[in-house]
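Enquirer: Let me give you the structure first, and then I'll get to my questions.
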Amino acid sequence: MALAVDRHVAILTGISLSVVAVKALKLFIKKRQNNAPLPPGPVPLPLLGSVLSIDACEPWLTYTKWSAVYGDLVFVRSLDEEMVVINSQHIAEALLDKRSRIYSDRPYLATLEPYGLSINFSFIAYGDEWRLCRRLFHQTFRPESAAKFRPMQIKRARDIIVNLIDDPENYYDHFATFSLSVVMSAVYDYDISARDDPMVQTVIKALVPGLTLITPERALMLKTFPFLLKVPDWCWGSSIKRSARGSTERINKMADMPFRYVQEHMADGSLLARSSMVAENLQRMETQDEAFKPVFENGLKKAATTATIASYETTAATLMVFFLAMVLYPEVQKRAQAEIDLVVGKERLPTFEDRASLPYIDAVLRETWRWQPVVPLGILPHQMIWPVLKMAS
Numbered sequence: 001m002a003l004a005v006d007r008h009v010a011i012l013t014g015i016s017l018s019v020v021a022v023k024a025l026k027l028f029i030k031k032r033q034n035n036a037p038l039p040p041g042p043v044p045l046p047l048l049g050s051v052l053s054i055d056a057c058e059p060w061l062t063y064t065k066w067s068a069v070y071g072d073l074v075f076v077r078s079l080d081e082e083m084v085v086i087n088s089q090h091i092a093e094a095l096l097d098k099r100s101r102i103y104s105d106r107p108y109l110a111t112l113e114p115y116g117l118s119i120n121f122s123f124i125a126y127g128d129e130w131r132l133c134r135r136l137f138h139q140t141f142r143p144e145s146a147a148k149f150r151p152m153q154i155k156r157a158r159d160i161i162v163n164l165i166d167d168p169e170n171y172y173d174h175f176a177t178f179s180l181s182v183v184m185s186a187v188y189d190y191d192i193s194a195r196d197d198p199m200v201q202t203v204i205k206a207l208v209p210g211l212t213l214i215t216p217e218r219a220l221m222l223k224t225f226p227f228l229l230k231v232p233d234w235c236w237g238s239s240i241k242r243s244a245r246g247s248t249e250r251i252n253k254m255a256d257m258p259f260r261y262v263q264e265h266m267a268d269g270s271l272l273a274r275s276s277m278v279a280e281n282l283q284r285m286e287t288q289d290e291a292f293k294p295v296f297e298n299g300l301k302k303a304a305t306t307a308t309i310a311s312y313e314t315t316a317a318t319l320m321v322f323f324l325a326m327v328l329y330p331e332v333q334k335r336a337q338a339e340i341d342l343v344v345g346k347e348r349l350p351t352f353e354d355r356a357s358l359p360y361i362d363a364v365l366r367e368t369w370r371w372q373p374v375v376p377l378g379i380l381p382h383q384m385i386w387p388v389l390k391m392a393s
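Under our numbering, think of the first position of the sequence shown as 1, with each following residue one higher.
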């Protein structure tokens, strides 16, 4: 990855002066048109802004340092992109939750379409397609529906314990299997095998490299220099184009394989029509207008794939953080085990019904989320649907 980045930087340094001049003029005009006061932030370099100061792999570390200097709102300019970094939960809730009608849009990321990542509807702009996907998603994953997944979660929790005891070396594969098992059952009525399941491996191969590409910092270069996607394969610097093509193929396979599984099993009658999110909505699609069916099916595939992605990236990462915490802080592990032994005993394993009686376990879980957030910057940056100007009093 470092070698590829070095090559890309070398390409950028060779950009002609005419391109630089055009961008300089664009920034000058934009600055003259927008004289509204902005939050404090790092002093940008001419043309480049603060792009060289941001850690492209872990940008949240840079933003955390800046928040200590500039406050809860930090204005950052990188090349021709401008953004405000929110470092306060109170401000984030006030703007992104309570005023979501204004701030619910998503900015364009140049990596989404070329890398096949627009299959995740949480990445797409606010509009009719987004509303359709969100409606289909929430029909299955409403908060009040969580209880119906508990029997499957308990069953899979037992499976992961056995797998970790029998094969501790491949612990990450066990985490991935567990994180996908419940969602694949709910979305596709697919029963994941305990180990080496082909669909689990397909998801891992698609998402492990893909999730590192969705940060604005990585997308900025591709937006600024889109010609990198048109470089011939034989030409030096074509690695971006090749990696984009490979990512799209893996993402499409991840989305298509379980979707076809449902369609084929519905066709031969071996899958009940209302046994999963996809099956239920495919049956409902038959009542739709012919012109709307392709739109509905595409939205359903995006909603289903988004559920898979969300479950994999958050649950598996949280398990990794939890195991790390237990290794680094054995005294916490000892106290947590003592609480379980006291409340549950040693004749059975904990269930959801025991959670209210396990306050220390609940605190450990919450601290795991706080200590190492699995998505420090959220899924994607937010973007205003229409301009907002607030003058300082």
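Idealized CB from N, CA, C, for every residue including glycine.
Would you mind stating whether T305 and I119 have Cβ atoms separated by less than 8 Å?
Expert: yes
Enquirer: Which value, in whole angstroms, describes the spacing of the CA atoms of S181 and W66?
Expert: 40 Å
Enquirer: Skipping 5 residues on each side, what residues in its chain have a beta carbon closer than 8 Å to that of N252?
Expert: G116, I119
Enquirer: Q201 to L47, Cα distance in whole Å?
Expert: Q201 and L47: Cα-Cα distance of roughly 43 Å.
Enquirer: Could you give the DSSP three-state label for V375: helix, strand or coil?
Expert: coil
Enquirer: Of the residues E58, E82, A56, which one's Cα is nearest the Cα of G41?
Expert: E82
Enquirer: According to DSSP, I86 sits in a beta bridge with which residue or residues?
Expert: L73
Enquirer: Report buried or exposed for R131, applying the criterion of at least 16 other Cβ atoms within 10 angstroms of its Cβ.
Expert: By the neighbour-count definition (other C-beta atoms within 10 Å, threshold 16), R131 is an exposed residue.
Enquirer: Using C-beta distances below 6 Å, list every residue in its chain close to R250, excluding the 5 sequence neighbours before and after it, in chain order.
Expert: K205, A206
Enquirer: Suppose you measure from the CA of I91 to the CA of P232; what does that come to, to the nearest Å?
Expert: 46 Å
Enquirer: Just verifying my parser: in three-state terms, what is the DSSP assignment at S53?
Expert: helix
Enquirer: Would you grab the beta carbon distance between Y188 and Y261 for me? Rounded to a whole angstrom, and I think it's under 8 Å.
Expert: 6 Å
Enquirer: Taking only the alpha-carbon atoms, compute the straight-line gap between F175 and L45 and give it to the nearest angstrom.
Expert: 44 Å
Enquirer: Mark D362 as exposed unless 16 or more other C-beta atoms lie within 10 angstroms of its C-beta, in which case mark it buried.
Expert: exposed
Enquirer: Classify L342 as buried or exposed, calling it buried when 16 or more other Cβ atoms lie within 10 Å of its own Cβ.
Expert: exposed
Enquirer: Return the first residue and the last residue of the alpha helix (DSSP H) that R355 is part of.
Expert: For R355, no alpha helix (DSSP H) segment is defined, and its DSSP state is neither H nor E.
Enquirer: Return the first residue and the last residue of the alpha helix (DSSP H) that Q139 is part of.
Expert: 128–140
Enquirer: Check the DSSP bridge columns for E81 and list the partner residues they point to.
Expert: Answer by DSSP bridge pairing, in chain order: S78.
Enquirer: Let me check understanding here. Comparing Cα to Cα, which of T308, Q283, F225 lies closest to D256?
Expert: T308
Enquirer: Do three or more CB pairs link the segment 219–230 to the segment 105–114 at distances below 8 Å?
Expert: yes
Enquirer: Between the segment 235–244 and the segment 280–296, can you find at least three pairs of beta-carbon atoms closer than 8 Å?
Expert: no
Enquirer: Using the beta-carbon count (16 or more within 10 Å), is V43 buried or exposed?
Expert: exposed
Enquirer: For T62, which residues in the same chain have their Cβ closer than 7 Å to its Cβ, ignoring the five residues on either side in sequence?
Expert: S53, I54, D55
Enquirer: Per DSSP, L45 forms a beta bridge with which residues?
Expert: G49
Enquirer: For the alpha helix (DSSP H) that V118 lies in, which residues bound it at each end?
Expert: Note on identity: in this sequence residue 118 is Ser, with Val being the wrong assignment. That residue, S118, is in no alpha helix (DSSP H); it is neither H nor E in DSSP.
Enquirer: Taking the straight line between their C-alpha atoms, what separation do you get for P294 and I124?
Expert: 18 Å
Enquirer: What distance in whole Å lies between the Cβ atoms of V74 and N87, which are believed to be in contact at a cut-off of 8 Å?
Expert: 7 Å
Enquirer: Tell me the residue span of the alpha helix (DSSP H) that contains Y188.
Expert: 171–188
Enquirer: Between I154 and K302, what straight-line distance do the alpha-carbon atoms span, to the nearest angstrom?
Expert: 28 Å
Enquirer: Taking 6 Å as the limit between beta carbons, can you name the residues of its chain near F178, skipping five residues before and five after?
Expert: R156, I160
Enquirer: Where does S276 sit, in a helix, a strand or coil, going by DSSP?
Expert: coil
Enquirer: So, with DSSP's three-state summary, where would you put W369?
Expert: helix
Enquirer: Look up K26 in the DSSP assignment and say whether it is helix, strand or coil.
Expert: Residue placement at K26 is flagged as unreliable, the pLDDT there being 43, under the threshold of 50; the coordinate-derived value follows with that caveat. DSSP places K26 in helix when its eight states are reduced to three.
Enquirer: My output table needs one value for L220: the three-state DSSP class, helix, strand or coil.
Expert: helix
Enquirer: Which residue wins for smallest C-alpha separation from L365, given the options R348, E347, K346, A336?
Expert: A336
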